[in-house]
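Novice: Be aware that the sequence shown starts at -10, since it is given in our numbering, and climbs by one per residue.
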Amino acid sequence: MVRFCGAYQLLRFTHRRYRKVNATTFFKQNYDLSSNSKLLGNGKYANVYLSQNRKNGREVAVKLMLDDGSERAQRSRERFRFELYLLRNCHHPGVIKHVFSFATKKFMIVVMDRMAGDLFSYMMNGKDQHLTERTTKFIARQLFSALDYLHDRDIVHCDVKPENVLLDDMNLEFPHAKLCDFGLSKRIKDVEYAQHTVGTYIYLAPEILLKKEYTKAVDIWAMGVMIYAALTSTMPFEEPTKKAKHIYKGLARKSFLFPRHLFYNVSRHAKKFLTSIFNPINTERPTADECLDDPWLDDAVVYADVRQLELRLNTGRFLTSVEEDVRFEKFLKTRGIPSCIPF
């Protein structure tokens, strides 16, 4: 079971030089948080506020959950603890970074990296409220890399959507993307299934809508819906009755799924990729790793873009490899990007 640092416990896991400092005191001394703090987001069981480190000026996001001892709070507490467990144990540039956490008598608090905004707002600010195919591919490759990391550890996000994708710069054409909000996440091994309905309806895979058992493939379906929305500013499936019947009807007609007026400027590789994701048979959907190898995401242009991101972040390779540098060496040279340089 995950243990929070209580008000009188030690901050052993992050701030080593503060080993014997009261956690609440440490937070109050080092971070600004008040009733006037900017609300960054609110969810079913917690709110996220903007705070700032008093010493270095670094902005952070503070997730605050009221723990009033009620039955509802108890359920939320279990979700919160599991989310904390994931944040503390998942170390990937595509997953929001945990700074530290603690609990008081009334609140459970997690301090995380502050990002510039979410993908939904980024899409709304784009031309005609959608993204270019190149930018969509760039962001998708980062997110599939994060999902591949999570799925390898039997973690299913269960609520992939633009609002749960954070970006480091809302003005860049190629921003760094991170998954956040793991409050609905579950541990599901390859041989296991889950049944409880989770997630946001418009992004739910048909097996969840039909209340059938589901697997890691639900994250892949949600990624497909998000990519479709990013490319067209519309959703592939309506939700008039929150049932799967409409989805199956749409999948039966490609002209319905890919209308010409929306996809006239979208590549055939993108449509083929989305078709493979929107497979109603979850066992036949590609895995996150297989998505990364799809021709739509495995081309020289997107490879060069994500390689430049790695160089900008200076965090080491997480989207490329030296072996792939060799394959795309000629193209990288034309872009002036150093290749075959291990970190």
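Virtual Cβ for every residue (Gly too), placed ideally from N, Cα, C.
1) List the endpoints of the continuous beta strand (DSSP E) containing L39.
2) Of all the options E72, N45, R43, A206, which has the alpha carbon lying nearest to the alpha carbon of M54?
3) I'd like to check one pair, Y34 with G172: are the Cβ atoms closer than 9 Å?
4) Which one of P284, M101, I270, G58 has the shortest CA to CA distance from T93?
5) Taking only three categories from DSSP, how would you classify D102?
6) I'd like to confirm the pairing. Which residues does DSSP put opposite L53 in its beta bridges?
7) Please name the residue or residues paired with A166 in a DSSP beta bridge.
8) Are R47 and Q18 close, meaning C-beta to C-beta below 9 Å?
9) DSSP state of G213, grouped into three classes?
10) Taking 8 Å as the threshold, find out whether the stretch 245 to 261 comes into contact with the stretch 314 to 327 through three or more Cβ pairs.
11) Once DSSP output is grouped into helix, strand and coil, what is the label at Y253?
12) Taking L155 as the reference, give the member of E279, R77, V88, M112 with the closest Cα.
13) Am I right that I326 and A293 are in contact with their C-beta atoms under 8 Å? What's the rounded C-beta distance?
14) State the Cα-Cα distance for the pair E152 and S222, rounded to the nearest angstrom.
15) Would you grab the beta carbon distance between L281 and D288 for me? Rounded to a whole angstrom, and I think it's under 8 Å.
16) Using the C-alpha atoms, what's the distance from T124 back to L132?
17) Could you work out which residue in P82, E299, V99, V149 is closest to G190 when comparing CA atoms only?
18) Going by the DSSP bridge assignment, what does R176 pair with across the sheet?
19) Indicate the three-state DSSP secondary structure (helix, strand or coil) for P229 in the structure shown.
20) Hey, is K52's beta-carbon within less than 9 Å of any beta-carbon in chain D?
21) Since M159 and G106 should fall inside the 8 Å C-beta cutoff, what is the C-beta to C-beta distance between them, to a whole number of angstroms?
22) By how many angstroms is the C-alpha of I144 removed from the C-alpha of V180?
23) Kindly indicate which residue of D21, L76, Y253, V37 has the alpha-carbon position closest to the one of N45.
24) Looking at the structure shown, is V187 part of a helix, part of a strand, or coil, going by DSSP?
25) How would you label E279, buried or exposed, when you count the other beta carbons within 10 angstroms and need 16 or more for buried?
26) Output needed for P340: all residues of its chain with C-beta closer than 6 Å, excluding positions within five of it in sequence on either side, in chain order.
27) Thinking just about the alpha-carbon of each residue, which of L193, T264, R324, N268 is nearest to the one in W285?
28) Please go through the same chain and pick out, in chain order, the residues whose beta-carbon is closer than 6 Å to the beta-carbon of N268, but skip the five residues on each side of it.
Specialist: Put simply:
1) Its beta strand (DSSP E) spans residues 36 to 42.
2) Measuring from the Cα of M54, the nearest candidate turns out to be E72.
3) Cβ distance < 9 Å, so G172 and Y34 count as in contact.
4) In this structure, G58 is the residue among P284, M101, I270, G58 with its C-alpha nearest to the C-alpha of T93.
5) It is a strand residue.
6) Partner(s): N36, I98.
7) Under DSSP, A166 forms a beta bridge with L156.
8) Going by beta carbons, R47 and Q18 fall outside the 9 Å limit.
9) Helix.
10) Note that the stretch 245 to 261 does not touch the stretch 314 to 327; fewer than 3 beta-carbon pairs, one per stretch, sit closer than 8 Å.
11) The answer is coil: DSSP assigns Y253 none of H, G, I, E or B.
12) It is M112 whose Cα lies nearest to the Cα of L155.
13) At roughly 6 Å, the Cβ-Cβ gap stays under 8 Å, so I326 and A293 are in contact.
14) When rounded, the distance between both Cα atoms is 14 Å.
15) The C-beta separation of L281 from D288 comes to about 12 Å, leaving the pair out of contact by the 8 Å criterion.
16) Their Cα atoms are separated by approximately 13 Å.
17) Per the sequence presented here, residue 190 reads as Tyr, with Gly not at that position. If you compare the alpha carbons of P82, E299, V99, V149 with that of Y190, the shortest gap goes to V149.
18) Answer is I144, bridged to R176.
19) Low confidence applies to P229: its pLDDT is 44, below 50, so where it sits in the model is not reliable, and the reading given next is rough at best. P229 falls in the coil class under three-state DSSP.
20) In the structure shown, chain D cannot be found, because there is only a single protein chain.
21) With a beta-carbon spacing of about 5 Å, M159 and G106 fall inside the 8 Å limit used to define contacts.
22) The pLDDT assigned to V180 is 48, lower than 50, so where the model puts this residue is not dependable; a value taken from the coordinates is nonetheless given after this. When rounded, the distance between both Cα atoms is 13 Å.
23) Per the C-alpha coordinates, the member of D21, L76, Y253, V37 positioned closest to N45 is D21.
24) Assigned with DSSP and collapsed to three states, V187 falls in coil, not helix or strand.
25) The residue is exposed, with fewer than 16 neighbouring Cβ atoms inside 10 Å.
26) A question about residue 340 goes unanswered here, because the residues of the chain that appear run from -10 up to 332.
27) Looking at the Cα atoms, T264 is the closest of the given residues.
28) Residues R274 of the same chain have their beta carbon placed closer than 6 Å to that of N268, with the five preceding and five following residues left out of the count.
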